Structure formats: structure tokens, C-alpha cells
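Enquirer: Line order of the protein sequences matches chains A and B. In terms of the working numbering, the first sequence opens at residue 4 and continues consecutively. In terms of the working numbering, the second sequence opens at residue 18 and continues consecutively. Ideal Cβ positions, reconstructed from N, Cα and C, are used throughout, including at glycine. Note that the coordinates shown come from a computational prediction; the quantities given were computed from them, not determined experimentally. Below you'll find the structure I mean.
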Amino acid sequence: MKVQVRQEGSCTIVSIQGSADVGASAALRDAFLRAVDVGATRIVCDLSKTDFICSDALGVLITAYLKAHGRGGFVRLANPQKRLRELLATTRLDHLFDVFPDVACALKDA
Amino acid sequence: MDQSPADTRDSAGWTEEVLPTRLTAIRESERKVLACLAALGYGEDHCFAVRLAFEEALINAMKHGNRMDPSRQVRLAYRISPERVEIYVADEGAGFRPDCVPDPTVDENLQRPCGRGVMLMRSYMDEVNYSANGTEVRMVKYRANPVRGFPESGRRC
């Protein structure tokens, strides 16, 4: 898994490439916590190149959501592929996160 | 559950492993299972489902069963045929009652960062059975059954 973090306006884009599996969730947690620690509260997670997410990694996204939401911000999910969309529906996390078809849509009104 | 991995290891096709309680140890076993699925031509949807359930079962065994105690081990056994995938995972913890795990999909639990493993295993596998004390789980995925939510794509993983 590769995690890239970049700034776009007032938003922080976290792109996850590959598998966010149990072996990668610590790195994912570090990336999100580092972003939140430096003040990021408006976070878009680009899932367009993410092929797998375990429950540990879902927990990282939820923790980031709680931290950002607690400071008046958000964590939005962009472009999850078919299996991840199904996973979000199965867990009903698509009721917690706002899910957008791509990063540009997620940045609108942000 | 009537049979433990030790009871069934003489049957053809069983692979047994004893894993240390270390999350990074999961990957190598997972790699072997996925390679086996690919060799047998399982589709990407089935590979995703088995991978997810496999990880969740081992994470649960290490985190919640063995409480990450490095002196405890996790026993794993799996058998993969062209028709089905069968997996056993057993920990050395105190056990639990799977029916008492809070439903992570209800509104009041959606913000909980953990507690989705059992639900995901049940959602993505065709059979999930726990031993009476909850220290061992058996999961089966049939190739003929589509994965919940999407028909089998047919593409190899």
C-alpha cells in the first residue's frame, strides 16, 4: 500500500493506492494522524486506486472522521471501486461517510 | 463445531499452520491462500471475500482472543478445492459469545472504530460457525455461490 497526502486549497487529500490490509493499517493510521495533528480537518480520502480495506483500516478512517468532525471538519470518501462500495454498504459506513464519485466532486463546496 | 483442525489434518488437501500472535504474521499466510485461489481460477470477487474473512478471523484471534499476548499462538487450517474454501482459525484466549457482539451496522454503533470483524465474516462467507466457547471458527465459501452484493465477475484474481 502507498499513501500520498497532498493539499488542495483548504482540503487535505489522502490517496490510498493498493491494499489497506492489516499489515498496512499502521502506516495508514500514521498518515491520517499526522495530517490531523498538523491541523487538517477537511479531508478527502481518494479510494480510486484502493483494492482492499480490512476492518482495521476502516477503523482508521472512522477515527479520522471523529477527530475531523469534532473540530468542525469532515472526512469524505472519493471514488471507491465496486468491492469497496459494497463493503461500505455492507457495513453501512456509507451512512457515516459522504461518498463522492471523484475527488473533484468531493472538493465542491468544501 | 465438531471437528478441530487437528481432527481433519489427515484429510487430503489440508494445510495447517501455527502463527505467532503478531499481526504482521498474517500476510504470509494470506499470500499463500490467495495464490492458491488464483491457481484454481477463483474470481476476484471470491478472492476479495475470502481475503477479507481470512484477515478478520486472524485479527480477531490475535487481538480479541489472544489479547496480543506473544506467548499465545493461533492455529490455522485451510483447504481449498475447485469447489470451495474452508478455513479454521483457533486462538488460545478465553473465548467469547459471537451472538453477544453488538451489531456494528446500527446507527448508534456506526462511529465505533472496531467491532466489524464477525459481521464481515458472516456477510462475505457462506458458512461461519463458532465452537461452543468461541475460541475456534470455521468458515466456508462456495465457488458456486455469488459473493453478496455483486455477481461473480469471472476475472481471475
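By Cβ distance below 6 Å, which residues in the same chain neighbour A:C57 in space, the five residues on each side in sequence not counted?
Expert: So the list reads D24 and V25, once near-sequence residues are dropped.
Enquirer: According to DSSP, which residues form a beta bridge with B:P37?
Expert: B:Q90, per the DSSP bridge assignment.
Enquirer: Any chance you could list the alpha helix (DSSP H) runs of at least 4 consecutive residues sitting entirely within the region 21–103 of chain A, in chain order?
Expert: List check, alpha helix (DSSP H) in window: 28–40, 58–73 and 85–94.
Enquirer: Measuring alpha carbon to alpha carbon, tell me which residue in A:A109, A:R88, A:D112 and A:F100 is nearest B:D62.
Expert: Ranking A:A109, A:R88, A:D112 and A:F100 by Cα distance to B:D62 puts A:R88 first.
Enquirer: With a cut-off of 8 Å on the beta carbons, I'd call B:A70 and B:V91 a contact; round off their distance for me.
Expert: Incorrect: roughly 15 Å between the Cβ atoms, too far for contact.
Enquirer: Looking at the structure shown, is A:Q7 part of a helix, part of a strand, or coil, going by DSSP?
Expert: In this structure, A:Q7 counts as strand in the three-state DSSP scheme.
Enquirer: Can you tell me where the alpha helix (DSSP H) holding B:M136 begins and where it ends?
Expert: It spans G134 to Y141 - the alpha helix (DSSP H) in which B:M136 sits, taken as one unbroken run.
Enquirer: Since I believe B:V154 is in contact with B:Y147 (beta carbons under 8 Å), could you give me their beta-carbon distance rounded to a whole number of angstroms?
Expert: At roughly 5 Å, the Cβ-Cβ gap stays under 8 Å, so B:Y147 and B:V154 are in contact.
Enquirer: Taking DSSP as the reference, what is the three-state secondary structure of A:K111?
Expert: A:K111 falls in the coil class under three-state DSSP.
Enquirer: Can you list, in chain order, the stretches of the beta strand (DSSP E) that have 3 or more residues and sit fully within the region 103–164 of chain B?
Expert: Runs of the beta strand (DSSP E) inside the region 103–164 of chain B: 144–147 and 153–159.
Enquirer: Which class does A:S13 belong to by DSSP, given the choice of helix, strand or coil?
Expert: DSSP places A:S13 in coil when its eight states are reduced to three.
Enquirer: Using a C-beta to C-beta distance shorter than 7 Å, which residues of chain B count as neighbours of A:A95?
Expert: Note that residue 95 of chain A is Arg in the sequence shown, not Ala. Near A:R95 (Cβ distances below 7 Å), the residues of chain B are T122 and L127.
Enquirer: Can you pull the chain B residues whose beta carbon is under 7 Å from the beta carbon of A:G76, in chain order?
Expert: Here the premise fails: no neighbours, minimum Cβ distance about 15 Å.
Enquirer: Going along the chain, which residues of the region 54–66 of chain A sit with their C-beta nearer than 7 Å to a C-beta in chain B?
Expert: Taking 7 Å as the Cβ-Cβ cut-off against chain B, the residues of the region 54–66 of chain A that qualify are F55, C57, S58, D59, L61, G62, I65 and T66.
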